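This report refers to the structure that appears directly beneath it.
Protein chains: 2
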Amino acid sequence: MITHQSVPRPADVADVRTTNLVVVLRFVRAHSPCSRADIAAATGLNKATVSSLVTDLLDRRLLRETGVTENRIGRPATMLVVDGSPYAAVGMEINADYLAAVAVDVGGRRLLSWRRAFDGTGGPARGTAALAALARRVVARLSADGRRVLGVTVGVPGLVDAAGVVRVAPNLGWHDVDLRADLHRALGGAVDVLVDNDANLGVAAEHRYGPHAGTPDLVYLTGEVGIGAGIIAGGRPLRGFRGYSGEIGHVPVVPDGPRCGCGRRGCLESVVGLAALIGAAGDGPPPTPEHLTTAVDDLATRAGAGDRQVLAALELSGTRLGLGLSVLANLLNPEKIVLGGYYVPLAPWLLPAARAELGSGVLAPDAGGAVLTASTLGHSAAALGGAARVLDLVDAGRIPLLDPA
Amino acid sequence: MITHQSVPRPADVADVRTTNLVVVLRFVRAHSPCSRADIAAATGLNKATVSSLVTDLLDRRLLRETGVTENRIGRPATMLVVDGSPYAAVGMEINADYLAAVAVDVGGRRLLSWRRAFDGTGGPARGTAALAALARRVVARLSADGRRVLGVTVGVPGLVDAAGVVRVAPNLGWHDVDLRADLHRALGGAVDVLVDNDANLGVAAEHRYGPHAGTPDLVYLTGEVGIGAGIIAGGRPLRGFRGYSGEIGHVPVVPDGPRCGCGRRGCLESVVGLAALIGAAGDGPPPTPEHLTTAVDDLATRAGAGDRQVLAALELSGTRLGLGLSVLANLLNPEKIVLGGYYVPLAPWLLPAARAELGSGVLAPDAGGAVLTASTLGHSAAALGGAARVLDLVDAGRIPLLDPA
DNA sequence: CGAATTAGTTTAGACTCCCAACTTAAGTCG
DNA sequence: CGACTTAAGTTGGGAGTCTAAACTAATTCG
């Protein structure tokens, strides 16, 4: 029997430095602009230590002095803000019908945001090649701008294990694709590559850029053909034993409902997945994958126009979604649940019923505090989350150093 | 809007020492007996550093030299084992029909294990008083033995918030009882007191003392009148926003099943909770709370004797339990799921069907690796977990110091 | 213009880990 | 039996970190 009684990594004095560099960096990010004295007072670090840390971060161009000083008694303070512009983090996303890439600098500023239509169902070889080509272009562009690329994270709609191998991606038709190694090779081995599930990256994006950024118990729900949850619990991503957490699509919500791909009946996904949503509105045959966006827009338009059938279908779907989410909320007690993907345009009609059901279905009073909202991050949330994931590495202690130029 | 963008605590050189003391302590615990040289080789710490750390731990009597040396070429090694006997951790448990207390030393050795019948439904005042009296006796006994009590953790069947206030404990009839403060006061303010949900402590016990100790993604299921899950994810307890995680009892598993206390139909708890289990075996009126243990024993006896009705009922219950667990496993992807409480004696008949259903109900291949077993910790698992929780504090860096005697 | 106030730097000291040399205590072998 | 080999553990010096206290710097107040 394998014993998991692993021993944590020892620490040394350099780790103290790293920890405190991150403390200062995060403090400035959260309280920008601020002075060295502010940092010392708030963190408890000594003034001298703060000065030393700040000098280090200025050298790395992770901070910048705004020169601006305040106007009150005593010596004026030099204000600090986050810079980070010499470093870039890249996030990418492959889906059944598009590729996306987003780059941000370490200060969090959006550097580029590309999106192109793409038939993701053409097999892993073509998908990987397209991703690699896009990644190379992004990296080349960023390098040309003089930025160092700290890493690339790719989001995939499917099960991804800890090593970055895509185990199953039903909508892409992928099995056991070692995307991480392939991309790493395609980028000349020069850039760190991570691969993760799109829901996990969605929640990473919300955790860094959403209106509730920093919420330590956060859930993000992808609203695509399939439904997946990205979970942050206790401030850290919840990945599970093999990285397969968040498969909420098969919670039973409708007794004797329609048969689901998993073999059971009335699963959340088969009832409030996108196909079901469109089907429930009841106009003819289900749309082909390429026309899902149009179909959703159409649905939203009809709902906005007061179409009774659509309104009723969306309300019912909201209730069922809320039921599924109540199961999740009972298990995880999240603070925020964010709906993403195609749920966003339909949120005005889904949310009221979903919230009501969530409130009544959670055992803890007041739904355990859980608040249900729709994402405001727009399209390519997973790609944005990929970039966020790279920035998380910085926050975890991988403080980048400027090339000796 | 409250921003959660909190900044982590700064580190200093003393934290390095603490971290490394824990590294050495945990290494010895996992690889006892071992030499200083073994520790240095395995952890990467310098020999000199290890010597210094070990000296410190010997002074605190957290380690002990066994004097025993090996028999091979080169200077013989002084072997080290965990001591910890001067320090005691206490766990307690209150339930509808009993009180329990367990004490262990920091080496993990069981010091005492008390259990007494008690009517927990007599209201919070009587329950708190009884717990306090028991705690005082335990602490007095340990002190008389010359042990320093590091802390007491109490398990309660209900929702407990982060401050140790029991929000709701249905089976005890408690609401908003500040048990932590009450007990802390009753113990003269001299001992740290923690309060937690019994399922959370059950999983803490399994995580430290179970056959799969150390498994970072572990779930424990209480099998009492209610069903609750204690969750460890990524090596840390999953508590959720307000500490209300693990409420698995209301996953819908039987379409149009019996009405549950929560108002819906076919909830896991109403279908495979203890009352339902006994009811499904079909002999007369449901037993009163005091006779549940007897009723379960009777069920096990009849199943062992081959009673068709009981066997069929248990198999069906196992299937439904497996269905509920598959929802949990899809969301959390645990490595081990341990059944506790009254499920243990019934496990031989519940497990096969539950495992089959779990295997087919989880989307990830091979149930995502999840293995379902019955607890081997016996009664008072929550109390044992309470003691484990106190020891977790040591592992988190609260290294105890011997009183200057 | 000097006192008060606040920001930030310098310097000395304590603590930690690491490295290299050393001491200690065995077994090995001629 | 004694020199050699092997391995465990200790000692002393060095580098890096934080802290405290003294110091310098820049501004407002009176």
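Chains as they are written, first to last, in our numbering: chain F, 697 to 1101; chain B, 697 to 1101.
Every residue gets a Cβ at the ideal spot worked out from N, C-alpha and C, and that includes glycine.
Values in this document were obtained by computation on a predicted structure and should not be read as measured data.
Asked	Found
Distance CB(residue 930/B)-CB(residue 935/F) smaller than 8 Å	yes
Other residues of its chain near residue 922/B: CB distance less than 8 Å, five sequence neighbours each side excluded	853, 866, 867, 945, 965 and 969
Span separating the alpha-carbon of residue 1089/B from that of residue 801/B	13 Å
Segment contact, 8 Å Cβ cut-off, at least three pairs: the segment 748-761 of chain F with the segment 1037-1054 of chain F	no
CA-to-CA distance, residue 737/F to residue 1099/B, given in whole angstroms	34 Å
Delimiting residues of the beta strand (DSSP E) encompassing residue 781/F	Counting along the chain, residue 781/F falls outside any beta strand (DSSP E), and DSSP gives it neither H nor E.
Unbroken stretches of the beta strand (DSSP E), 3 residues or longer, contained in the segment 736-811 of chain B	759-761, 776-778, 783-790 and 794-801
Residues that DSSP places opposite residue 948/B in a beta bridge	963/B
Beta-carbon proximity list for residue 749/B, same chain, < 6 Å, skipping 5 on both sides	716, 717 and 720
Span of the beta strand (DSSP E) around residue 1033/F	1032-1035
Neighbourhood of residue 858/F by C-beta distance below 8 Å, restricted to the same chain and skipping five residues each side	935, 938 and 939
Amino acids of chain F, ordered along the chain, whose beta-carbon sits closer than 9 Å to that of residue 946/B	1022, 1023, 1026, 1057, 1058 and 1059
Proximal residues of chain B, C-beta to C-beta of residue 1029/F below 9 Å	934, 935, 936, 937, 938, 939, 940, 941, 942 and 943
Under 9 Å by beta carbon: chain F residues contacting residue 875/B	Within chain F, no residue comes near residue 875/B; the closest Cβ sits about 18 Å away, beyond 9 Å.
Whole runs of the alpha helix (DSSP H) within the segment 853-936 of chain B, excluding any shorter than 4 residues	875-882 and 894-905
Contacts of residue 958/B in chain F (Cβ-Cβ under 8 Å)	1057 and 1059
Separation of residue 961/F from residue 900/F, as counted between CA atoms	32 Å
Own chain, CB closer than 7 Å to residue 697/B, minus 5 neighbours either side, in chain order	Its pLDDT being 44, under 50, residue 697/B is placed unreliably in this model, and the value from its coordinates should be taken loosely. None.
Where residue 969/F meets chain B, residues with beta-carbon distance less than 9 Å	Result: empty, since nearest Cβ-Cβ is about 14 Å, beyond 9 Å.
C-beta atoms of residue 796/B and residue 811/B nearer than 8 Å	yes
Residue 907/F to residue 1010/F span [Cα, whole Å]	25 Å
Where residue 1069/B falls: helix, strand or coil (DSSP)	strand
Sub-8 Å separation of residue 860/F and residue 898/F beta-carbons	no
Minimum Cβ-Cβ distance from residue 988/F to chain B less than 8 Å	no
Beta carbon proximity, residue 723/F to chain B, threshold 8 Å	yes
Buried or exposed (CB count within 10 angstroms, at least 16 for buried), residue 894/F	buried
Endpoints, the alpha helix (DSSP H) within which residue 974/F is located	970-976
Interface residues of the segment 1062-1081 of chain F facing chain B [CB-CB below 8 Å]	1064, 1065 and 1066
Residue from 1032/F, 822/F and 1043/F whose Cα sits closest to the Cα of residue 1065/F	1032/F
Runs of beta strand (DSSP E) wholly within the segment 1008-1054 of chain B (minimum 3 residues, chain order)	1032-1035
Residues sharing a beta bridge with residue 730/F, DSSP	776/F
Distance CB(residue 1035/F)-CB(residue 905/F) smaller than 8 Å	no
Assigned secondary structure, residue 698/F (DSSP; H/G/I helix, E/B strand, else coil)	Reliability fails at residue 698/F, whose pLDDT of 46 lies under 50, so the model's placement of it is uncertain and the value that follows must be treated cautiously. Residue 698/F: coil per DSSP, three-state reduction.
Burial state of residue 1097/F, where buried means 16 or more other Cβ atoms lie within 10 Å	exposed
Residues sharing a beta bridge with residue 848/F, DSSP	786/F and 889/F
Any 3 or more C-beta pairs closer than 8 Å across the segment 1054-1068 of chain B and the segment 1077-1096 of chain B	no
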